[in-house]
Amino acid sequence: MKQSHIEDNESNSEFLNNVKVSQEEIAKRRILHKHVLGSIGVGDSPINPNTRHIFNDFVEGRIATTEEVREKLIKYYSQIKNE
Numbered sequence: 020m021k022q023s024h025i026e027d028n029e030s031n032s033e034f035l036n037n038v039k040v041s042q043e044e045i046a047k048r049r050i051l052h053k054h055v056l057g058s059i060g061v062g063d064s065p066i067n068p069n070t071r072h073i074f075n076d077f078v079e080g081r082i083a084t085t086e087e088v089r090e091k092l093i094k095y096y097s098q099i100k101n102e
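According to this note's numbering, the sequence shown is numbered sequentially starting from 20.
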């Protein structure tokens with residue numbers, strides 16, 4: 020299951036070179052991500068399209084830890100706050 024943004028932006032070899040976690044970890048993240056998206060869909064919480072790529076990168080293994088996700092989100096929202 021490839022994300023369309025991956026196909027648009029990277030070749031298969033570039034994608035594989037950027038993966039920082041095992042295929043098993045990616046499979047777990049994909050399942051968890053589906054559950055999270057499902058629960059968001061049940062509620063009325065919109066998904067921020069400007070940060071969606073951060074979560075997709077985590078799910079697909081290009082971001083290794085939740086700490087990196089947190090740092091990227093803090094950086095993004097700090098820029099908005101300071102504008």
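Note that CB positions come from ideal geometry on N, CA and C, so glycine has one too.
Nearest to residue i by alpha carbon, out of the options?
i: H89; options: V40, T70, E79; result: Looking at the sequence shown, residue 89 is not His but Arg. The candidate whose alpha carbon is nearest that of R89 is T70.
Along the chain, where does the alpha helix (DSSP H) that runs through residue i open and close?
i: N101; result: 85–101
i: V78; result: 71–78
Is there at least one Cβ from chain C nearer than 8 Å to residue i's Cβ?
i: V38; result: No chain C appears in the structure shown, which is made up of a single protein chain.
Since residue i contacts residue j with CB under 8 Å, what's their CB separation in whole angstroms?
i: L92; j: I73; result: 6 Å
i: R49; j: F77; result: At roughly 11 Å, the Cβ-Cβ gap does not stay under 8 Å, so R49 and F77 are not in contact.
- Check whether the stretch 37–45 touches the stretch 79–93, counting contact only when three or more Cβ pairs, one atom from each stretch, lie closer than 8 Å. yes
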